[in-house]
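Structure, as structure tokens:
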DNA sequence: ATATCCATGTAATGCGTTACATGATTTG
DNA sequence: CAAATCATGTAACGCATTACATGGATAT
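Structure follows, in structure tokens:
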């Protein structure tokens, strides 16, 4: 049910077509909340039905229109309410940890491969998150720029700060994952002897 | 689809009834992979149908039986295969970060309340995870004890080490969450002035 | 004109959640 | 004998995923 709040949050910056929203979910917001097109379009229509957003038909080319959605007063209220309500923390479902717990059933080489992938994955993610954080802090990112234009200058600092703070959480988490992966590789070396994948120099 | 592998992993320690499995998901395994009864019983039957596990009827009281499941050779093969295959990392869907990114829409007091809950939640979890890690390292936990009995002594070290390592990942992650929450509270103080909830001593 | 973007979906399936439901057995 | 535990589900619903599908508009 958070998809709808992600959409509402997006729409507080500027009106968007479904396609615009899909684009956002491919980039910025998508780093925090993933959603495919097939979920976004129907959700927007449902939200319009409930009065949280309003669609207006905009000319697009000579023979066509597109729907541009804006958030309504009720939409803002719903977003606020959601932000102020306590989140029910979802029970854990952690594939990486589950797999690691049973590494004795995989070969050491495949356990290593697993951890290397873990490290690579989070290294890449951390890179992205750091870039996003920078783009937010410098107000370069188009969607943050549009947002700042819409709100008075005294709000800018906090708008930026909270978004950067969110990314800092992702970065910290990612770095913890990388650390964990490295300790895992060391652990495997201790338990099973060092990897045979690399030759000993000087032997 | 990981539920079935969690079940297979459990069954490598000892045969279990559905109810036993449900119990495990309420405790040990449940800290890593959550599943409700309503998912476990049907999944066990499906797995039996696919030959990954075998159910045998065991007397239970004078007029009743229960089904005790054991892992089959094919089940072990399936578990190994899953452990050795690369995990497709699921796209992110992070409610805490999403909410934090839009804290300017909540009041400062409700943003603080949010972060306090975040800190409390992870503090509690970290406590549990640390206890579990200890219980594993000392081989006190009943399910780890049963497991160790079944495998030769030279396997014990790695069986324990990998499970402890998994919990260490959770602990590290939890601690990063707590840290993040604290920095968030500081950030709110900076942006909005300190909380009015507490009086200034000496004023 | 052709490729790439812009725009918008439907359909099938599966995993997971919540709520509801029942009865036997052991333990105190 | 009453309470707690053991045992095993069904049913309805909703969110999410994957695959499939189409056509107009703009840029080169």
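Residue numbers (the working numbering), protein chains in the order written: chain E, 1 to 203; chain U, 204 to 406. Built from N, CA and C at the ideal position, the CB exists for glycine as well.
Asked                                                                                                                           : Found
CB contact flag (residue 65/E, residue 54/E, <8 Å)                                                                              : no
Proximity winner among 362/U, 290/U, 303/U, relative to residue 161/E (alpha-carbon distances)                                  : 303/U
For residue 36/E and residue 290/U, the rounded distance between their alpha carbons                                            : 20 Å
Sufficient close CB pairs (3 or more, under 8 Å) joining the segment 312 to 329 of chain U to the segment 381 to 395 of chain U : yes
Range covered by the beta strand (DSSP E) that runs through residue 56/E                                                        : 53 to 59
Beta-carbon proximity of residue 106/E to residue 287/U, cut-off 8 Å                                                            : yes
Three-state secondary structure (DSSP) of residue 326/U                                                                         : helix
Any chain U beta carbon closer than 8 Å to residue 148/E                                                                        : no
Short CB-CB distance (under 8 Å) between residue 382/U and chain E                                                              : yes
Cβ-Cβ distance between residue 349/U and residue 216/U below 8 Å                                                                : yes
Assumed close pair residue 374/U, residue 336/U - CB separation to whole angstroms, cut-off 8 Å                                 : 7 Å
Coarse secondary structure for residue 7/E, derived from DSSP in three states                                                   : helix
Separation of residue 136/E from residue 342/U, as counted between CA atoms                                                     : 48 Å
Chain-ordered neighbours of residue 186/U on chain E, where CB pairs are closer than 7 Å                                        : As shown, chain U starts at 204 and ends at 406. That puts residue 186/U outside it, with no answer to give.
Distance between residue 155/E and residue 393/U (C-alpha atoms, nearest Å)                                                     : 14 Å
Neighbour flag for residue 40/E against chain U, beta carbons, 8 Å                                                              : no
Cβ-Cβ distance between residue 92/E and residue 8/E below 8 Å                                                                   : no
C-beta neighbour in chain U for residue 203/E, strict 8 Å                                                                       : Below a pLDDT of 50, predicted positions are generally treated as unreliable, and residue 203/E, at 42, falls in that range; no measurement from the model is reported.
4-residue-minimum alpha helix (DSSP H) runs that sit fully inside the segment 110 to 156 of chain E, ordered along the chain    : 142 to 150
Against chain U: residues of the segment 17 to 45 of chain E by CB proximity under 7 Å                                          : 31, 32, 33, 34
Burial state of residue 292/U (16 or more Cβ within 10 Å)                                                                       : exposed
As assigned by DSSP and simplified to three states, the class of residue 267/U                                                  : coil
Contact under 8 Å by Cβ, residue 74/E with residue 44/E                                                                         : no
Selected residue, minimal CA-CA separation from residue 102/E, among 229/U, 214/U, 265/U, 397/U                                 : 214/U
Three-state secondary structure (DSSP) of residue 373/U                                                                         : helix
Nonlocal neighbours in the same chain, by C-beta distance under 6 Å from residue 202/E, ignoring five residues either side      : For residue 202/E, the predicted structure reports a pLDDT of 47, less than 50, and the residue's modelled location is therefore unreliable. A value from the coordinates is still provided. Nothing listed; no residue qualifies.
DSSP-derived helix/strand/coil call for residue 273/U                                                                           : strand
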